[in-house]
Amino acid sequence: MMLSHIKAPPLNSTLMGVVSAVSDYYRNGHSTAVLYGGSGHAFLMNIHEDLCPSGPYCWNLEPFYKNLFNLGIDMVDEGFFTVESPYEERQEIESLLRNSLDRGRPCSLLNMEHQLILGYDEVGFVLYQPWGSDFDFTPDRLTFSSWNEFGDSVHVNFFTFNKAKPANEEKIIVESLSYAKDLYDNPSSHTDKPYAVGLSAYENWIKAIRNKTADEHGNWWNGKVWSECRSWACRYLEEISSKYPRISQIARELSENYKKISMELELVGDKTGKPSDKLAALQRAEEIEFLSVQRFREILERM
Numbered sequence: 000m001m002l003s004h005i006k007a008p009p010l011n012s013t014l015m016g017v018v019s020a021v022s023d024y025y026r027n028g029h030s031t032a033v034l035y036g037g038s039g040h041a042f043l044m045n046i047h048e049d050l051c052p053s054g055p056y057c058w059n060l061e062p063f064y065k066n067l068f069n070l071g072i073d074m075v076d077e078g079f080f081t082v083e084s085p086y087e088e089r090q091e092i093e094s095l096l097r098n099s100l101d102r103g104r105p106c107s108l109l110n111m112e113h114q115l116i117l118g119y120d121e122v123g124f125v126l127y128q129p130w131g132s133d134f135d136f137t138p139d140r141l142t143f144s145s146w147n148e149f150g151d152s153v154h155v156n157f158f159t160f161n162k163a164k165p166a167n168e169e170k171i172i173v174e175s176l177s178y179a180k181d182l183y184d185n186p187s188s189h190t191d192k193p194y195a196v197g198l199s200a201y202e203n204w205i206k207a208i209r210n211k212t213a214d215e216h217g218n219w220w221n222g223k224v225w226s227e228c229r230s231w232a233c234r235y236l237e238e239i240s241s242k243y244p245r246i247s248q249i250a251r252e253l254s255e256n257y258k259k260i261s262m263e264l265e266l267v268g269d270k271t272g273k274p275s276d277k278l279a280a281l282q283r284a285e286e287i288e289f290l291s292v293q294r295f296r297e298i299l300e301r302m
């Protein structure tokens, strides 16, 4: 059994690659910018104190699920499993996933990266590799019960996706920007130590580079993911500015700000860059983003 007409784009945020594929599958008609911005993911930054590359995957998704529902997608976490999960529990979740696929409902998993589950045969699930078969970090299959393809690194969440009734555009904008602002106003509600979001995320990043405790791969990967997010924040705000005259000027200015932030974070992730240059770029990005988030209040008051 295979789902037809579903394919994830090769985004650095594999979560958003899955979301984009599901949105297209359900024919919701949203641009990638609206998916990033409307879900709030465009404004997230989650940084481990040692700059572990796990930052993009370990944060509180509950507000994200609510925003995603506004976009017409009901994302359901079906549970977390490890190498010690009993055989019976594996059979139970596999049965749930097969039933979901049989009903035409997309499924995915997160084990290192987010991957679509395209279908299944008599042996196991067929998985979509977000960056193609040449990149074997993500498996193309998952054998029933054994999950051998994960080796000893089994720390997997499974998800199913239902179609929901989309909210009106103004609600999507208000709730996504309210979420963006809350990432700064109430950072502890969005992640747990040793991770941090909002200004504390920048502080973790700066401190890790300054104290030479930064994971080199983690620095590069966080730079790639969060730069990509800010790039889509730029385009989301640009789309908003063209539709709502009462906020067009503010949204255009903020769009330019997020373009600059994206470029600065790309510099931070550059493997050939000097630590002093990375620190300077982070400090510039932090200042621009802090001022930008404060201006979301102006947009929210005018919507």
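If you're matching positions, the sequence shown starts at 0 in numbering that gives the first Met the number 0 and goes up one per residue.
Just so you know, even glycine gets a beta-carbon here, dropped at the ideal spot from N, CA and C.
Per DSSP, G78 is one residue of the beta strand (DSSP E) stretching across I72 to T81.
DSSP, reduced to helix, strand and coil, places K259 within a helical segment of the structure shown. For Q128, the secondary structure class from DSSP, reduced to helix, strand or coil, is coil. S107: member of the beta strand (DSSP E) spanning C106 to N110, first to last residue. Every alpha helix (DSSP H) stretch that sits fully inside the stretch 223–283 and reaches 4 residues is listed by chain position as 247–268.
Nearest C-alpha to L266 among E255, A284, A250 and T212: A284. Closest option to E112, judged by alpha-carbon separation, among R102, N98, S99 and Y127: Y127.
The beta carbon of R296 lies closer than 8 Å to those of K180 in the same chain, with the five residues before and after it left out. Sequence-distant Cβ neighbours of P52 in its own chain, meaning closer than 6 Å and more than five residues away, are H216, G217 and W220. Burial is judged here by how many other beta carbons sit within 10 angstroms of a residue's own beta carbon; Y56 has at least 16 and is buried. The stretch 162–179 and the stretch 257–273 do not touch, with fewer than 3 CB-CB distances between them shorter than 8 Å. Contact annotation: W231 and L281 have beta-carbon atoms that are not nearer than 8 Å. Distance between K170 and N69, taken at the CA atoms: about 8 Å.
The alpha-carbon of D214 is positioned some 15 Å away from that of L278. Closest in C-alpha terms to S94, from the list F289, E83, E77 and W130, comes E77. Between F158 and C106, the gap from beta carbon to beta carbon is short of 8 Å. A residue is called buried once 16 or more other Cβ atoms fall within 10 Å of its Cβ, and Q248, having fewer, is exposed. For V224, the closest alpha carbon among the candidates E202, S261, I208 and H29 is that of S261.
Separation of the CB atoms of Y86 and S144 is rounded to 6 Å, and the pair is thereby assigned contact status at 8 Å. Between the stretch 180–197 and the stretch 237–252, the count of Cβ pairs shorter than 8 Å is below three; the stretches do not touch. Within the same chain, L70, I171, Y235 and E238 come within 8 Å of V33 by CB-CB distance, once the 5 residues on both sides are set aside. Per the DSSP secondary-structure output, L141 pairs in a beta bridge with F124. Under DSSP, I116 takes part in a beta bridge, and its partners are C106 and L126. The three-state reading of DSSP puts T31 in helix, counting H, G and I together. Taking a C-beta distance under 8 Å as the contact criterion, R294 and Y257 do not qualify as a contact pair. Rounded to whole angstroms, the separation of the alpha carbons of G39 and K65 is 10 Å.
When only Cα atoms are considered, M1 and A166 end up about 30 Å apart. Straight across, the Cα-Cα distance linking S12 with R245 is about 32 Å. Shown here for D101: same chain residues with a beta carbon closer than 7 Å to its own, the five before and five after excluded, namely M0 in chain order. The beta carbons of I298 and L117 sit about 39 Å from each other, so the pair does not count as a contact at 8 Å. The Cβ neighbour count for R104, taken over all protein chains shown within 10 Å, is at least 16; the residue is labelled buried. Under the three-state reduction of DSSP, T190 is assigned to coil, being neither helix nor strand.
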